[in-house]
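First residue of the sequence shown? That's 193 in the numbering used here, and the numbers climb one at a time after it. Beta carbons: idealized from backbone N, C-alpha and C, even for Gly. Just so we're clear, the structure is a prediction, and the values are computed from it rather than from any experiment. For reference, the structure discussed in these notes is given below.
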Amino acid sequence: MAGVDSQGLLQIAMNVKDINRAVAFYRDVLGLPFLFQAGNLAFFDLGGLRLMLDISENERFDHPGSPLYFRVADIQAGHAHLVASGAQMEPEGPHVVHKDGSMELWMTFFDDGEGNLHALASEVLLAK
Numbered sequence: 193m194a195g196v197d198s199q200g201l202l203q204i205a206m207n208v209k210d211i212n213r214a215v216a217f218y219r220d221v222l223g224l225p226f227l228f229q230a231g232n233l234a235f236f237d238l239g240g241l242r243l244m245l246d247i248s249e250n251e252r253f254d255h256p257g258s259p260l261y262f263r264v265a266d267i268q269a270g271h272a273h274l275v276a277s278g279a280q281m282e283p284e285g286p287h288v289v290h291k292d293g294s295m296e297l298w299m300t301f302f303d304d305g306e307g308n309l310h311a312l313a314s315e316v317l318l319a320k
């Protein structure tokens with residue numbers, strides 16, 4: 193047997209405490225395309241991958257989410273936008289987390305207001 197023949201991820205779930213506050217943050221601060229809301233569930237498009245925000249009513253699913261790493265072209269501009277929007281930023285700001293001969297991987301971490309830690313990430317090509 194060759195496995196389940198996965199065609200990639202369809203959806204990621206992220207637990208939140210206040211669905212309206214979370215929708216406002218992901219839609220208005222991060223600028224993610226809002227798809228729809230159904231009760232305590234809200235859905236966003238992440239370039240073909242759905243992000244589902246959920247107030248979990250099932251204890252099996254009620255746990256902290258994994259960090260999401262949002263790819264951005266300009267990490268300094270992204271960081272400045274989050275700061276100006278009042279996002280809760282980690283104090284170190286944008287910084288290099290990895291460097292090899294051809295690129296630097298930059299990240300800056302923030303809280304979504306729901307207790308979930310996420311990051312902006314940018315791969316910066318180095319001049320040859």
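CB residue i to CB residue j, shorter than 8 angstroms?
i: Met206; j: Leu243; result: yes
i: Leu279; j: Val215; result: A small fix is needed here, since residue 279 is Ala in this sequence, not Leu. Cβ atoms of Ala279 and Val215: not closer than 8 angstroms.
Under the DSSP definition of a beta bridge, which residues are partnered with residue i?
i: Arg263; result: Ala313
i: Glu296; result: Lys291 and Val316
i: Gln203; result: Arg242
Label residue i either buried or exposed according to how many other C-beta atoms from any shown protein chain fall within 10 Å of its C-beta, with 16 as the threshold for buried.
i: Asp197; result: exposed
i: Met193; result: Residue placement at Met193 is poorly supported in this model, since its pLDDT is 49, which falls under 50; the coordinates still yield a value, given next. Label assigned to Met193: exposed.
i: Ala319; result: exposed
i: Ala265; result: exposed
i: Val208; result: buried
i: Pro225; result: exposed
i: Asp304; result: buried
Measure from the alpha carbon of residue i to the alpha carbon of each residue in the options, then state which is nearest.
i: Leu309; options: Gly200, Tyr218, Leu202 and Gly195; result: Tyr218
i: Leu233; options: Ile204, Gly223 and Pro259; result: Ile204
i: Leu260; options: Glu315, Gly285 and Ala311; result: Ala311
i: Ile211; options: Leu202, Phe236, Gly200 and Leu317; result: Phe236
With a threshold of 8 angstroms between beta carbons, is residue i in contact with chain C?
i: Asn207; result: Of the chains in the structure shown, none is chain C; there is only one protein chain.
>> Between the stretch 291-310 and the stretch 264-276, can you find at least three pairs of beta-carbon atoms closer than 8 angstroms?
In response: Counting Cβ pairs under 8 angstroms, three or more are found: they touch.
>> Whether or not the stretch 232-243 and the stretch 277-291 are in contact is what I'm after, with contact meaning three or more pairs of Cβ atoms, one per stretch, closer than 8 angstroms; do they touch?
In response: For the pair of segments examined, the stretch 277-291 was found not to touch the stretch 232-243: the number of CB pairs separated by less than 8 angstroms stays below three.
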